[in-house]
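**Student:** Quick one: structure below, then a few questions.
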Amino acid sequence: MEELFRRSLYSELDDIDYGIVRALQENARLPFTTIAKELGVTEKTVRMRVQQMQDEGVLSLVGIVNPVKAGLNVQSFIQIAVEANKLDDVVAALNDIVEVRLIVLTTGDYQLIIQILVRNYEELAQFLMNKLNKVPGVTRVNVINELKIIKSKYKFIR
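Counted the way numbering that gives the first Met the number 0 counts, the sequence shown spans residues 0 to 157.
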């Protein structure tokens, strides 16, 4: 019953696409021939379906970097309040800042949340003082520092 519920959450994917995505989430290096055998289809079908899902933006095959192993030890989520009618300008400025990994439009007192990764708290302070505080249209920020990652999943289909 739980599997049926999970499957129903992804109604835009047919059974073959669902099976392909599920297999690639477990091991993105899995040969298409192996996936094809598992699903009872040809390798060509799997290859074409993967290409179609990539073209449609459903599926991306990327390497995931461990930021801590790469020397980026401090992750912060920063809530940003934006002056009226300045949202597009603020987003454009944030897009140009290399430390900003994620920009999310939100509801509530803060219109945006950004995620940044830096090497240490000194770099965080420099980011706040020399970059974020100089973005025109930012009226208030609230910095939330990560203490410990409890759960991090890149699997959307189980």
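The beta carbon of each residue, even a glycine, is placed where N, CA and C say it ideally should be. The structure presented is a predicted model; accordingly, all values stated were derived computationally and were not measured.
(1) Check the C-beta distance from N119 over to V73 and give it rounded, since I have them as a contact under 8 Å.
(2) Where do the ends of the alpha helix (DSSP H) carrying R28 lie?
(3) Strictly by DSSP, which residues pair up with Q125?
(4) Using a Cβ-Cβ distance under 8 Å, would L111 count as near chain C?
(5) Suppose the cutoff is 7 Å on Cβ atoms and the five residues either side in sequence are ignored; what does the same chain contact list for L58 look like?
(6) By the three-class DSSP mapping on this structure, what secondary structure does N65 have?
**Tutor:** For this structure:
(1) 6 Å
(2) R28 -> no alpha helix (DSSP H), and no H or E assigned at all.
(3) Per DSSP, none; premise fails for Q125.
(4) Note that chain C does not occur in the displayed structure, where there is just one protein chain.
(5) V20, V49, M52
(6) coil
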